[in-house]
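Residue numbers (this note's numbering): 20 to 236.
Inspection log for the structure reproduced underneath, given as structure tokens.
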Amino acid sequence: MKALVLLSGGQDSTTCLFWAAQKYGMENIAAIGFNYGQRHDIELDYAAKICQGRQIPFKVVALQNFDPSSALTNKNLEVDTATPANAPPNTLVEGRNLLFLTYAAIHAKSIGAKVIVTGVCETDFSNYPDCRDIFIKSCNVTLNLAMDYPLVIETPLMWLTKAQAWQLAESLGVLDIIKTETLTCYNGIPGQGCQTCPACQLRQKGYDNYVRDKKDI
Ligand code: ZN
Numbered sequence: 020m021k022a023l024v025l026l027s028g029g030q031d032s033t034t035c036l037f038w039a040a041q042k043y044g045m046e047n048i049a050a051i052g053f054n055y056g057q058r059h060d061i062e063l064d065y066a067a068k069i070c071q072g073r074q075i076p077f078k079v080v081a082l083q084n085f086d087p088s089s090a091l092t093n094k095n096l097e098v099d100t101a102t103p104a105n106a107p108p109n110t111l112v113e114g115r116n117l118l119f120l121t122y123a124a125i126h127a128k129s130i131g132a133k134v135i136v137t138g139v140c141e142t143d144f145s146n147y148p149d150c151r152d153i154f155i156k157s158c159n160v161t162l163n164l165a166m167d168y169p170l171v172i173e174t175p176l177m178w179l180t181k182a183q184a185w186q187l188a189e190s191l192g193v194l195d196i197i198k199t200e201t202l203t204c205y206n207g208i209p210g211q212g213c214q215t216c217p218a219c220q221l222r223q224k225g226y227d228n229y230v231r232d233k234k235d236i
């Protein structure tokens with residue numbers, strides 16, 4: 020059984036990489052990343068480094084002319100620092116996961132992988148519609164029909180809080196790797212990041228809650 024992991028080089032997808040390695044065996048996993056003009060494209064260097072050290076094949080797909088209304092792909096826009104109520108922040112990239120999963124499915128079929136693993140999460144997150152479980156299930160059916168290929172999309176983080184995602188990293192024995200060798204920050208600063216962008220704030224809040232929950236046990 021081969022599994023293909025969507026890997027951005029951030030906390031969530033890197034945790035998923037090690038989750039898949041434990042479930043399927045390090046030698047049975049491959050990774051795919053996307054250069055879609057994201058302001059923090061340096062994240063892909065971190066993804067590549069994680070894979071290189073472990074002989075995990077890593078394919079990077081370049082996607083051009085992505086959503087100009089998103090602050091992630093349009094560097095002339097400022098990233099929203101406050102999360103709007105009941106609306107996605109301007110870091111939403113419209114259709115991103117639909118495109119990513121389509122490219123991932125094509126690559127998965129070409130390497131004989133029947134499982135795709137993605138770190139999308141519906142809990143604790145920012146109203147991104149394409150991170151919802153209902154979208155993933157719908158996309159899974161569509162990809163199977165589009166390609167006549169029995170793919171299964173697995174989402175180990177879907178119902179975890181950010182604190183629980185840190186706990187998962189700890190239980191996989193990769194807490195330090197996730198802390199120091201991943202990049203989540205929209206400003207491209209690894210590890211603890213800039214501490215001010217929304218991605219850093221979410222990551223830090225999750226980590227603080229994880230530490231607090233450990234003390235409570
Ligand atoms: Zn940051």
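For every residue, glycine included, the Cβ atom is placed at its ideal position computed from N, Cα and C.
**Request:** State the Cα-Cα distance for the pair ILE125 and LEU23, rounded to the nearest angstrom.
**Result:** ILE125 and LEU23 have their C-alpha atoms roughly 11 Å apart.
**Message:** Rounding to the nearest angstrom, what Cα-Cα distance links THR215 and MET166 in this structure?
**Reply:** 42 Å
**Item:** Limits of the alpha helix (DSSP H) - the one that PHE77 falls within
**Value:** First-last for PHE77: 77–81, but that is the beta strand (DSSP E), not the alpha helix (DSSP H).
**Request:** Report all residues for which the CB-ligand distance to some heavy atom of the ligand ZN is below 7 Å; order them along the chain.
**Result:** CYS204, TYR205, ASN206, ILE208, GLY212, CYS213, GLN214, THR215, CYS216, ALA218 and CYS219
**Request:** Give the DSSP bridge partners of PHE53, in chain order.
**Result:** According to DSSP, residue pairing for PHE53 in a beta bridge involves VAL80.
**Prompt:** Which value, in whole angstroms, describes the spacing of the CA atoms of VAL193 and GLN30?
**Reply:** Between VAL193 and GLN30, the C-alpha separation is close to 11 Å.
**Item:** For ARG58, the nearest candidate out of LEU91, PHE85 and ILE75 (CA to CA)
**Value:** In terms of Cα proximity to ARG58, the closest of LEU91, PHE85 and ILE75 is LEU91.
**Request:** Give the secondary structure of ALA90 by DSSP, where H, G and I count as helix, E and B as strand, and everything else as coil.
**Result:** coil
**Item:** Reference ALA123; option with closest CA among ALA101, PRO107, GLU97 and LEU162
**Value:** LEU162
**Request:** List the residues that DSSP assigns as beta-bridge partners of LEU164.
**Result:** Partner residues in a beta bridge of LEU164, as assigned by DSSP, do not exist.
**Item:** Residue environment, TRP38, which counts as buried when at least 16 other CB atoms sit within 10 Å
**Value:** buried
**Message:** Need the endpoints of the beta strand (DSSP E) that VAL230 sits in, please.
**Reply:** Per DSSP, VAL230 belongs to no beta strand (DSSP E); it is in the alpha helix (DSSP H), 217–235.
**Reduced DSSP category for LEU25 - H, G, I as helix; E, B as strand; rest coil** = strand
**Asked** Rounded to a whole number of angstroms, what is the C-alpha to C-alpha distance between TYR43 and PRO169?
**Response** 17 Å
**Asked** What residue range is occupied by the uninterrupted alpha helix (DSSP H) comprising ILE69?
**Response** That run of the alpha helix (DSSP H) goes 62–71.
**Asked** Name the DSSP bridge partner or partners of GLU173?
**Response** Answer by DSSP bridge pairing, in chain order: VAL136.
**Item:** Minimum C-alpha distance to SER89 - residue among GLN223, PRO108, ALA127 and GLN220
**Value:** PRO108
**Message:** Short of 7 Å in beta carbon distance, which residues of its chain neighbour GLY210, apart from the five on each side in sequence? Order them along the chain.
**Reply:** LYS198 and THR199
**Message:** Given this structure, state the Cα-to-Cα distance separating ASP227 from ASP235, to the nearest angstrom.
**Reply:** 13 Å
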